[in-house]
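Worksheet: one structure, shown below.
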């Protein structure tokens, strides 16, 4: 490994970083992370902080989860790769499919299609949704509905159903036939409605209206996050998801829950669908499935999909990835799932998430720069920064960046996304870890 001087001199010189401009990476060189232990990361200068970002929503078990590391090493020594395309399989992926069917049985999901990550999982679900309707003799069902502010990865299909212009405008025109309804975002919405239950009804009515306008017979699926994550941690009222499920059922539209973030315990429930008491037709998962230690994902499939595909000789799936069902990824996922259940991380996520949310609410009383705090469902918390509480005018990027930078120096890595500071720490954080994060935020707000 090259020394620190070499790494600093070549930082951001020879590759482009995702989700930022190359110019910004040159003018503000990225922090170089070189070590990790437990829930902490350490940079090239030896500064250690609590990782309140959890990698990127995915390191649920922290960085020292030895069973997952051991499973990866063992599998690499035995079978580092083989394809799961027609005619071949591997022992790890067979066992994993069995365990996932058991884990997601309460969600009504018992088959898996394996992918290389979250964007792949979304793309897979959109493709299978269209194929489902063709197999059922309704080839005109090709459109997709989703929520504004929703995030569904960066593939062309995922970007098309994304509800945030930041991930769309530079790449348009995108896939046709994708339409967006207002998100149940109480702080900012076109209805100026602050009551969460009433807003949920208005958004559901907007969904009904869009279906009527497009024609139900043209719509393949509705895809949504149970709690919107990258869009700013937007939890809907508890009535919203059941209303969406009923509307989709009534109009013959598939419901896909994008749980790349929310599956495996982050919300305080084992899945976002379970949190709201619904059963989706497909569920996109990735991220925490291997604790971030290996690129891997799975689309879980329910009875409608199973019956249509498995009882039709013409239902050939002309879709897949080189690394679908990768044996090392499957071994990592098996170990990760076992640890996830053994540690009951959903329970800790609920307790520590409440602590985080209440701590951020206390900061809101202290600092006028905080316009809104969202969370309360597991370890998903966002603080929306404003320059004026009365007008809700967003804060400028430089101020938000200063909060982030001071918080980092004070002991916590947090993530800035537009006017939002987003926290998604590992689900194994302790009470003291959360206090460290809150104290670091306090220092950041005090600095501005």
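Numbering (the numbering used here), first residue to last: 1206 to 1653. Beta carbons: idealized from backbone N, C-alpha and C, even for Gly. All values reported here derive from a predicted model rather than from experimental measurement.
| query | Would you call the region 1479-1486 and the region 1281-1296 touching, i.e. three or more CB-CB distances under 8 Å? | reply | no
| query | Can you tell me the Cα-Cα spacing of residue 1309 and residue 1317, whole angstroms? | reply | If you number the chain shown from 1, residue 1309 lands on position 104. If you number the chain shown from 1, residue 1317 lands on position 112. Looking at the two C-alpha atoms, the distance is approximately 10 Å.
| said: residue 1289 and residue 1324 - do their beta-carbons sit closer together than 8 Å? | reply: Numbered from its first residue, the chain shown carries residue 1324 at position 119. Numbered from its first residue, the chain shown carries residue 1289 at position 84. Contact flag unset, no.
| field | Whether residue 1442 touches residue 1401 by CB criterion (8 Å) | value | On the chain shown, position 237 is the one that residue 1442 refers to. On the chain shown, position 196 is the one that residue 1401 refers to. Yes. Within cutoff.
| task | Please report the Cβ distance between residue 1213 and residue 1238, rounded to the nearest whole angstrom; I am assuming they are in contact, meaning their Cβ atoms lie under 8 Å. | result | Here residue 1213 corresponds to residue number 8 of the chain shown, with the count starting at 1. Here residue 1238 corresponds to residue number 33 of the chain shown, with the count starting at 1. That belief does not hold up - the Cβ atoms of residue 1213 and residue 1238 are roughly 13 Å apart, past 8 Å.
| request: Spell out a yes or no on whether the region 1620-1634 and the region 1247-1263 are touching, meaning 3 or more CB-CB pairs, one atom from each, closer than 8 Å. | output: yes
| said: Measuring CB atoms only, is the region 1349-1358 touching the region 1423-1439, in the sense that at least three cross pairs come out at less than 8 Å? | reply: yes
| request: Look at the Cβ atom of residue 1649, then the Cβ atom of residue 1608, and state whether they are nearer than 8 Å. | output: The residue labelled residue 1649 in the question sits at position 444 within the chain shown. The residue labelled residue 1608 in the question sits at position 403 within the chain shown. The answer is yes: Cβ separation under 8 Å.
| Touching by the beta-carbon criterion (3+ pairs, under 8 Å), the region 1266-1282 and the region 1531-1545 | yes
| request: Since I believe residue 1364 is in contact with residue 1379 (beta carbons under 8 Å), could you give me their beta-carbon distance rounded to a whole number of angstroms? | output: Looking up residue 1379 in the chain shown gives position 174. Looking up residue 1364 in the chain shown gives position 159. Yes, they are in contact, since the Cβ atoms of residue 1379 and residue 1364 sit about 6 Å apart, within 8 Å.
| said: For residue 1367, count the other beta carbons within 10 Å of its own beta carbon; 16 or more makes it buried, fewer makes it exposed. Which is it? | reply: Start at 1 with the first residue of the chain shown, and residue 1367 comes out as number 162. Result: buried.
| message | Report the start-end ranges of each alpha helix (DSSP H) in the region 1444-1506 that is 4 residues or longer and not cut off at the edges. | response | Here the runs fully enclosed are 1445-1455 and 1477-1481.
| query | If you draw a straight line from the C-alpha of residue 1408 to the C-alpha of residue 1219, how long is it? | reply | Counting from one through the chain shown, the residue named residue 1408 turns up at place 203. Counting from one through the chain shown, the residue named residue 1219 turns up at place 14. Between residue 1408 and residue 1219, the C-alpha separation is close to 45 Å.
| Taking Cβ to Cβ, would you say residue 1565 is nearer than 8 Å to residue 1600? | Along the chain shown, one-based indexing puts residue 1565 at 360. Along the chain shown, one-based indexing puts residue 1600 at 395. Going by C-beta atoms, residue 1565 is not nearer than 8 Å to residue 1600.
| Straight-line Cα distance separating residue 1435 from residue 1624 | Numbered from its first residue, the chain shown carries residue 1624 at position 419. Numbered from its first residue, the chain shown carries residue 1435 at position 230. Their Cα atoms are separated by approximately 12 Å.
| query | Taking residue 1277 as the reference, which of 1312, 1307, 1577 and 1534 has the closest Cα? | reply | The residue given as residue 1277 occupies position 72 in the chain shown. For residue 1277, the nearest C-alpha among the options comes from 1534.
| Three-way DSSP call (helix, strand, coil) for residue 1255 in this model | Residue numbering aside, residue 1255 sits at position 50 when the chain shown is read from its first letter. Assigned with DSSP and collapsed to three states, residue 1255 falls in strand.
| field | Contacts around residue 1254, its chain only, beta-carbon distance under 7 Å, and the 5 residues preceding and following it disregarded | value | Walking along the chain shown from the start, residue 1254 turns up at place 49. 1245, 1246, 1613, 1616, 1617 and 1618, listed in sequence order.
| task | Compute the Euclidean distance between the alpha carbons of residue 1531 and residue 1287, then round it to the nearest angstrom. | result | In the chain shown, counting from the first residue as 1, residue 1531 sits at position 326. In the chain shown, counting from the first residue as 1, residue 1287 sits at position 82. Each residue's Cα considered, the two are about 7 Å apart.
| Which whole-angstrom value is the C-beta distance of residue 1633 and residue 1553, which I expect to be below 8 Å? | The residue given as residue 1633 occupies position 428 in the chain shown. The residue given as residue 1553 occupies position 348 in the chain shown. Yes, they are in contact, since the Cβ atoms of residue 1633 and residue 1553 sit about 7 Å apart, within 8 Å.
| task | Indicate the three-state DSSP secondary structure (helix, strand or coil) for residue 1318 in the structure shown. | result | To locate residue 1318, count along the chain shown from 1; it is residue 113. Strand at residue 1318.
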